Amino acid sequence: MPFSAYRPHLEDLPSVDIRRLKAKGMFSVGQIEALEVDSKRIKLSTTKPKYGGIRYWFVCPQCLTRRVCLYRLRGHWKCRECTGLQYRSQAYDKQSQALLQKARLEAKLESDGSKPKWMRWPTYYRLLEEIEYYQDLADQRFLESRKMPTMEKVKRIIKRTGY
Ligand SMILES: [Zn+2]
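Be aware that the sequence shown starts at 183, since it is given in our numbering, and climbs by one per residue.
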């Protein structure tokens, strides 16, 4: 039977979004080299947009690329690609697949869920187990969708003040 390990979704992980920090005024003073988020240091990178000013990016601690958003997985901040996880919308598809799979199996039984006359008992019990498995899988996806992400604690690490 295709059992898969529990995996959270990106939305379930604590995340930091550079745009949200900017909106909160995090970058209004001086030049910032790094942020300390939940006691972990995240390096920042800057680019200079054509219209002036300065744009901040996170540097993914794992792949070292510039990122707008990072996620915390097992105590480490990393970008979406580095987590190897999906957004919930992608998992919804999986939930639908699980329910569809369950419906396909149920269609092999009598409409009240009993064993068709021609079916062997071991086959019937295996089908019941598989139906239960797909129901559990669908329930698990539903429960995951109700989790709320936690808010991060962010501390500025200021390299120097004033431009
Ligand atoms: Zn990365």
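Just so you know, even glycine gets a beta-carbon here, dropped at the ideal spot from N, CA and C. Because the structure is a prediction, the values reported are computed rather than measured.
K222 is positioned such that its CB atom lies closer than 9 Å to that of R254. In the three-state scheme derived from DSSP, where H, G and I count as helix and E and B as strand, D199 is classed as strand.
Judged by DSSP secondary structure, C251 falls within the beta strand (DSSP E) whose first and last residues are 251 to 255.
The beta carbon of L281 sits closer than 6 Å to those of A320, all from its chain and outside the five residues before and after it, given in chain order. With a 10 Å radius around the Cβ and a threshold of 16 neighbouring Cβ atoms, S197 comes out buried.
A check of alpha carbon separations from K284 across Y307, D194, Y316, I236 identifies Y316 as the nearest. Look at K260: its beta carbon is less than 8 Å from one of the heavy atoms in ligand 1. A distance below 9 Å separates the beta carbons of H191 and L267. Within the region 265 to 292, complete alpha helix (DSSP H) segments of at least 4 residues are found at 270 to 288, given in chain order.
Separation of the CB atoms of P298 and L287 is rounded to 13 Å, and the pair is thereby denied contact status at 8 Å. The residue among Y233, D220, I214 with its C-alpha nearest the C-alpha of L226 is I214. One thing to note: Q279 has its Cβ no nearer than 9 Å to the Cβ of C264. No heavy atom of ligand 1 is found nearer than 8 Å to the CB of E311.
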